[in-house]
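Protein chains in written order, with my numbering: chain A, 30 to 359; chain B, 31 to 272. Backbone N, C-alpha and C define an ideal beta-carbon position, used for all residues, glycine too. Given the structure is predicted, the values throughout are model-derived calculations rather than measurements. Notes follow the structure.
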Amino acid sequence: MTHTSMREAGPAEVVEGADAALSIRGARKEYSSLAGKRVVVDGVGITVPAGAIHGLLGHNGAGKTTTLKMLLGLVRPTDGVFEVFGEPAASRVAKRRVGFMPEQPYFPPQLSAGQALALYGRLKGLSRAEIAEETTRLLDLLGLRDARRTQLAKYSRGMLQRLGLAQALLGGPDVLVLDEPASGLDPIGQRDVRNLMLDLKSRGVTILLSSHQLSEVEAICDRVTIMANAKVAAEGHIDDLLNTAGRCSVRARDLGAELPPPIAALVDDVAVSGGVWVFSVADSAVREVVDLVADVGGRLVSVTPKRESLEDYFARLLEQTRHGGSGVDA
Amino acid sequence: MRNVLAIALAILADAVRRKVVYVVFALAALMAIAIPGLPSYGVGVVGSVFREVAIALTYVGALVLALALAANRIPGEIERRTVYNVLSKDVRRWEYLAGTWLGIWVVVGAAICMFTVVDQVIAFLQYGDPMFVLWEGSLGVLLEMGALIAFAVAVSTRTGPVVVAVASGAFLFAVHSRSSLAAEGTLVWRLFPSFDSFNVINPVAHGDGVSAGQVAVMTAAFVAWVVGLLAVGHIAFRERDL
Chain A
30 MTHTSMREAG PAEVVEGADA ALSIRGARKE YSSLAGKRVV VDGVGITVPA
80 GAIHGLLGHN GAGKTTTLKM LLGLVRPTDG VFEVFGEPAA SRVAKRRVGF
130 MPEQPYFPPQ LSAGQALALY GRLKGLSRAE IAEETTRLLD LLGLRDARRT
180 QLAKYSRGML QRLGLAQALL GGPDVLVLDE PASGLDPIGQ RDVRNLMLDL
230 KSRGVTILLS SHQLSEVEAI CDRVTIMANA KVAAEGHIDD LLNTAGRCSV
280 RARDLGAELP PPIAALVDDV AVSGGVWVFS VADSAVREVV DLVADVGGRL
330 VSVTPKRESL EDYFARLLEQ TRHGGSGVDA
Chain B
31 MRNVLAIALA ILADAVRRKV VYVVFALAAL MAIAIPGLPS YGVGVVGSVF
81 REVAIALTYV GALVLALALA ANRIPGEIER RTVYNVLSKD VRRWEYLAGT
131 WLGIWVVVGA AICMFTVVDQ VIAFLQYGDP MFVLWEGSLG VLLEMGALIA
181 FAVAVSTRTG PVVVAVASGA FLFAVHSRSS LAAEGTLVWR LFPSFDSFNV
231 INPVAHGDGV SAGQVAVMTA AFVAWVVGLL AVGHIAFRER DL
């Protein structure tokens, strides 16, 4: 990971990286009609270094899917530069390196999983032998081996989701673009997909992940871009975005009925429940507080960096954006 | 070309599983079997009537099949979003259109072949003559259907199946109306878009068959229509947001 900068609600300038696998600069999409001009993506920039998992978040209609579709050539951009490993994303060279899983993927219902993967494998340029090998491997990997010959019309939503992931993985792409990959999956399926993404990352695959499941994004993404009202509202490393001014949360027990004054002088946001004290400490005072807890005979339970949940951060950001009034041109 | 063939193959496999292919084939076969029940017009005429009706049935069967497959193929793929899985890969939009056209045309061609074989079997059983000349009529139908499918595919890049079917019907009517709307040999007649070159009923049913020259003209017209219509379809499709 080469980028650690963080920005909020800033312009879509790009953090350039020599090893950028994906680069979107100044992406813009506007639709014109008799009612006027409607901008659905406005100056969006995203750079994903090779081997990273990058989250793309935003409310419904924020412009996430349109941005992904522009990257993949499904929607014509009004403006912007889209590159995969330095090549124009629309070029054949770039497209061969990308796998895409659309949100709620659909397939010809009369096909079986094996037939569908054979079709997409041919379009990926795989040979007959490679298709057979890849089909077996991917259906095994995604738990669809037993349903290989079942008509897709009989597949559940979760099974179609898994097949969508399988077709995206055909040919071993270097870059994966996933639009809501865990949507429709049960908790076990979600965990499997999460582990699969981490496994792919460990093998150097770059992933751009659009998701509403903030816990999933928080668990696996290195960096996130948050879109609101067609623009980038925030972008950065997830720890930087969620860190709350360099403070830690300390939990300790056996400190008595009253918090000892030396400790009380260094902490705030104090709460006690069931004999466990919880308080907030500045990073610089953590060592001193830990020592004081030991000195007064207390027992330290935990020290954790204090940060918001991604849900809280996301909600706060959207609220700020709403009040800021930026976004869609009428 | 690899992508074009892969898409065409997928359409072929899809068509095999669709009931409409079998329904059209069964109806055409039933009607062909009924042809010998038509009134006899005397020695020498009955064979001509059989050939004329057989070609007409082949034409209608192929037309129904072509429109059933072409009108909904692309709109259906866009609506169900199966097109994303194709066009997000290393597939150009023109390859997608060409593959779609080729796949539908091959399916319709296979159906025309089956109709012709059934007609031949009936002709042989009824009249002792397998009437190989029917294949020349089928070639005309096949080439005309190719041009019509190209039109339907081009229109379907921007509209839904109902509009495609209506527009295709109107188009077919227009390209068969030249002799009614313009005097032969005039400039309007020469410029009027027409499918007349595909019409081989007279030489097949009442003459000595289709000449090599007419086959060449038909083939040239077929190529020109298909390339021109698919080019228009590509221009319409390449600007479309999916």
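Asked, Found
"Which residue marks the beginning of the beta strand (DSSP E) containing Thr254/A, and which one marks its end?", "252–257"
"Just how far apart, CA to CA, sit Trp131/B and Leu86/A?", "39 Å"
"Just to confirm, are Gly193/A and Met99/A a CB contact at a threshold of 7 Å?", "no"
"Report the neighbours of Thr112/B on chain A: residues whose CB is nearer than 7 Å to its CB, in chain order.", "Tyr135, Phe136, Pro137"
"Which residues of chain A have a Cβ atom closer than 7 Å to the Cβ of Ser118/B, listed in chain order?", "Leu101, Leu103, Phe129"
"Beta-carbon separation of Ala56/A and Val77/A under 7 Å?", "no"
"So is Val53/B in contact with chain A if we call contact Cβ pairs under 7 Å?", "no"
"Based on the DSSP secondary-structure assignment, which residues constitute the bridge partners of Ser141/A?", "Gln180/A"
"So, for Arg174/A: in the same chain, excluding its five sequence neighbours on each side, which residues have a beta-carbon less than 6 Å away from its beta-carbon?", "Leu168"
"Which residues mark the beginning and the end of the alpha helix (DSSP H) in which Thr96/A is found?", "93–101"
"Which of the three DSSP states is assigned to Tyr149/A in this structure?", "helix"
"Would the region 187–194 of chain B count as touching the region 251–267 of chain B if we require 3 or more Cβ pairs under 8 Å?", "yes"
"What does a CB cutoff of less than 7 Å around Thr218/B pick up in its chain, not counting 5 residues either side in sequence?", "Residue identity check: residue 218/B is Val in the sequence provided, not Thr. Excluding sequence neighbours, Val218/B sits near Ala212."
"Can you pull the chain A residues whose beta carbon is under 7 Å from the beta carbon of Ala40/B, in chain order?", "Leu148"
"Alpha carbon to alpha carbon, how far is Gly92/A from Lys260/A? Give it in angstroms, no decimals.", "8 Å"
"So with Cβ pairs under 7 Å, would you call Val50/B a contact of chain A?", "no"
"Taking buried to mean at least 16 other C-beta atoms within 10 Å of its own C-beta, is Arg151/A buried or exposed?", "buried"
"Roughly how many angstroms lie between the CA atoms of Asp271/B and Val104/A, to the nearest whole one?", "4 Å"
"Just to confirm before moving on: does the CB-CB distance between Ile255/A and Ala248/A stay below 7 Å?", "no"
"Take Val315/A and list the residues in its own chain whose beta-carbon comes closer than 8 Å to its own, dropping the five residues that flank it on each side.", "Cys277, Val279, Val332"
"Out of Val147/B, Val148/B, Gly176/B, Arg111/B, point me to the one whose CA is closest to Val137/B's CA.", "Gly176/B"
"Where are the alpha helix (DSSP H) runs, 4 residues long or more, that stay fully inside the region 192–269 of chain B, in chain order?", "208–211, 217–221, 242–268"
"Answer yes or no: do Val54/B and Gly91/B have a C-beta to C-beta separation smaller than 7 Å?", "yes"
"Could you tell me whether any Cβ in chain A is nearer than 7 Å to the Cβ of Asn33/B?", "yes"
"Using a beta-carbon distance below 7 Å, is Thr189/A in contact with chain B?", "A quick correction: the sequence has Leu, not Thr, at residue 189/A. No, its Cβ sits nowhere closer than 7 Å to a Cβ of chain B."
"Please list, in chain order, all residues of the same chain as Val43/A whose beta carbon is under 6 Å from its beta carbon, the five residues on each side excluded.", "Reliability fails at Val43/A, whose pLDDT of 41 lies under 50, so the model's placement of it is uncertain and the value that follows must be treated cautiously. So the qualifying residues of the chain are Arg54, Gly74, Thr76."
"Label Phe162/B either buried or exposed according to how many other C-beta atoms from any shown protein chain fall within 10 Å of its C-beta, with 16 as the threshold for buried.", "exposed"
"Evaluate Leu339/A with the Cβ neighbour count: other Cβ atoms within 10 Å of its Cβ, from every protein chain shown; 16 or more gives buried, anything less gives exposed.", "buried"
"Of the choices Lys58/A, Gly200/A, Leu170/A, Ser156/A, whose alpha-carbon is the least far from that of Val127/A?", "Gly200/A"
"Is it true that the CB of Val121/B sits closer than 7 Å to the CB of Asn229/B?", "no"
"So, is the C-beta of Lys124/A closer than 7 Å to a C-beta in chain B?", "yes"
"I want to see whether chain B comes within less than 7 Å of Gln349/A, judged by CB atoms only; does it?", "no"
"So what does Met61/B bridge to, in DSSP terms?", "For Met61/B, which the question treats as bridged, DSSP gives no partner whatsoever."
"With distances taken Cα to Cα, identify the nearest neighbour of Leu270/A among Arg121/A, Arg191/A, Leu295/A, Lys335/A.", "Lys335/A"
"Between Leu272/B and chain A, is the shortest Cβ-Cβ distance under 7 Å, so that the two count as touching?", "yes"
"Using the C-alpha atoms, what's the distance from Glu317/A back to Gly327/A?", "14 Å"
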